[in-house]
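Student: In the numbering used here, the protein residues as written are 257 to 633.
There's a structure below that I have some questions on.
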């Protein structure tokens, strides 16, 4: 299987914490949509023999595109690729774009999964992050969307300055009251060159509290697992049958094509990324050129990526797969490096798979980096 990710690089306004590629100007939207459709056509041979099972509109804010623009891009996928009979087609959307009329329109389109950027149900949090919607819009859109879509995911952010553990639990309770089957939740992180980083440096906003984020992560995990959610990836919780097929494919190393400025691609051996500039991207595509840089991954690169993604998931890292794909030397190295973390009860081995314990989950990325092999090949 393969996936297609389409990056829509437009937003109404800039969230203070975001370092993704986007523009708040929609002047080039028509040109950009045409370029996306053309890139889909230009790259059709890259996965011509592989069935596309997921189409994901990410961003940015994909819900800024009108339905006819989204349909144009979906049609371009079907015209140029071998598509599964019932693919998962996800649209990332913000609550302020999801009026009842818009939700009804989307429900009649091929899009069958909504990923809604709620982030918080509290005004203080939304203002601190400079979100374009308010708390009432967050609740209203979910009330309507759940009537028309079965497969809905929402995003929530924890570790927000000034948000107590009690308030965080209230956020989770409100989310659960809408019976959504999937929740993605992330710690508020301070990325360089963002407005949030600048405000913290100037003392306008307090720095994030890692200890509080750690506590809120475990409150989230306990609460959702008690409500029949499966914690299948570090930041993702889904009910049975509602795991994100798109994201699961990433974590399991399946190939995907990234369409649009700044979008990344992976074919198992190479990783590519498009230019992070809308104008340069459009100009290149109009000249029938792909504005992409490609890196051929070494065996060690691929091993390290597998360790990083595997430890974040319930599937863990297969020792048999490590030996099969990378060699016995890598398997022996992994077992030796993992021993310290096993003794600390942060990792465990079960049925020839290395997995993180509950104690180690919040630390999984750091643990993975300690298991990496130096790229000497």
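The beta carbon of each residue, even a glycine, is placed where N, CA and C say it ideally should be.
Can you grab the Cα-Cα spacing for the pair residue 428 / residue 312, in whole Å?
Tutor: Those two C-alpha atoms are separated by around 25 Å.
Student: Once the 5 residues before and after residue 417 are set aside, which same chain residues still bring their CB inside 7 Å of it?
Tutor: Excluding positions up to five away in sequence, the list reads 384, 461, 462, 464.
Student: Using only CA atoms, which one of 405, 420, 422, 437 lies nearest to residue 411?
Tutor: 437
Student: Consult DSSP for residue 371 and reduce its assignment to one of helix, strand or coil.
Tutor: strand
Student: My parser needs the alpha helix (DSSP H) runs of 4 or more residues fully inside the segment 352-439; what are they?
Tutor: 356-363, 379-385, 391-404, 421-433
Student: Might you give, ordered along the chain, the residues of its own chain that have their beta carbon closer than 8 Å to the beta carbon of residue 593, omitting 5 neighbours on each side?
Tutor: 626, 627
Student: Please give me, in chain order, every unbroken run of the beta strand (DSSP E) with length at least 3 that falls completely inside the segment 475-531.
Tutor: With a minimum length of 3 residues, the continuous beta strand (DSSP E) runs that stay inside the segment 475-531 are 486-489, 492-494, 512-515, 520-522, 526-530.
Student: Roughly how many whole angstroms lie between the Cα atoms of residue 454 and residue 270?
Tutor: 14 Å
Student: Look at the alpha carbon of residue 597 and the alpha carbon of residue 579, and state the distance between them as a whole number of angstroms.
Tutor: Taking the CA atoms as reference points, residue 597 sits about 20 Å from residue 579.
Student: Do residue 289 and residue 347 have their C-beta atoms within less than 9 Å of each other?
Tutor: no
Student: Is the separation between the beta-carbon of residue 443 and that of residue 488 shorter than 9 Å?
Tutor: no
Student: Using a Cβ-Cβ cut-off of 6 Å (strictly less than) and excluding sequence neighbours within five positions of residue 291, which residues of its own chain qualify?
Tutor: For residue 291, the CB contacts under 6 Å within the same chain, skipping 5 residues up- and downstream, are 538, 541 in chain order.
Student: Classify residue 474 as buried or exposed, calling it buried when 16 or more other Cβ atoms lie within 10 Å of its own Cβ.
Tutor: exposed
Student: Going by DSSP in three states, residue 318 sits in which element: helix, strand or coil?
Tutor: helix
Student: Would you mind giving the Cβ-Cβ distance between residue 565 and residue 507, rounded to the nearest angstrom? I have them listed as a contact below 8 Å.
Tutor: 5 Å
Student: Which residue comes first and which comes last in the alpha helix (DSSP H) that contains residue 578?
Tutor: 575-582
Student: Where DSSP assigns a beta bridge to residue 606, which residues make up the other side?
Tutor: Its beta-bridge partners are 609.
Student: Can you say whether residue 502 is buried or exposed, counting buried as having 16 or more other CB atoms within 10 angstroms of its CB?
Tutor: buried
Student: Checking the sheet assignment: what are the DSSP bridge partners for residue 569?
Tutor: 489
Student: Among residues of its own chain, excluding the 5 on either side of residue 379, which ones have a beta-carbon nearer than 7 Å to its beta-carbon?
Tutor: 390, 391
Student: Measure from the alpha carbon of residue 582 to the alpha carbon of each residue in 458, 495, 629, then state which is nearest.
Tutor: 629
Student: Excluding sequence positions up to five away, which residues of its chain have a Cβ less than 8 Å from the Cβ of residue 377?
Tutor: 391, 394, 395, 426, 427, 430, 431
Student: Taking DSSP as the reference, what is the three-state secondary structure of residue 471?
Tutor: helix
Student: Count the other C-beta atoms from every protein chain shown that fall within 10 angstroms of the C-beta of residue 301, then say buried if there are 16 or more, exposed otherwise.
Tutor: exposed
Student: With a CB to CB cut of under 8 Å and the five nearest residues on each side skipped, what residues in its chain are close to residue 315?
Tutor: 263, 264, 265, 266, 267, 276, 278, 348
Student: Can you check DSSP and say which residues form a bridge with residue 259?
Tutor: 310, 512
Student: Count the other CB atoms within 10 Å of the CB of residue 494; is the residue buried (16 or more) or exposed (fewer)?
Tutor: The residue in question, residue 494, is buried, as its Cβ has 16 or more Cβ neighbours within 10 Å.
Student: Excluding the five sequence neighbours on either side, which residues of its own chain have a C-beta within less than 8 Å of the C-beta of residue 401, listed in chain order?
Tutor: 354, 359, 370, 372, 408
Student: Looking at residue 424 and residue 472, is the spacing between their C-beta atoms short of 9 Å?
Tutor: yes
Student: Would you say residue 590 and residue 623 are within 9 Å of each other, going by their C-beta atoms?
Tutor: No. Outside cutoff.
Student: Along the chain, where does the alpha helix (DSSP H) that runs through residue 333 open and close?
Tutor: 323-336
Student: Grouping DSSP H, G and I as helix and E and B as strand, with all else coil, what is residue 626?
Tutor: Of the three classes helix, strand and coil, the one that applies to residue 626 here is helix, per DSSP.
Student: Go ahead and pull the three-state DSSP assignment for residue 447.
Tutor: coil
Student: Alpha carbon to alpha carbon, how far is residue 326 from residue 368? Give it in angstroms, no decimals.
Tutor: 13 Å
Student: Would you kindly check if the distance between the Cβ of residue 322 and the Cβ of residue 510 is under 9 Å?
Tutor: no
Student: Any idea which residues DSSP pairs residue 598 with across the strands?
Tutor: BP columns for residue 598 are empty, so no partner.
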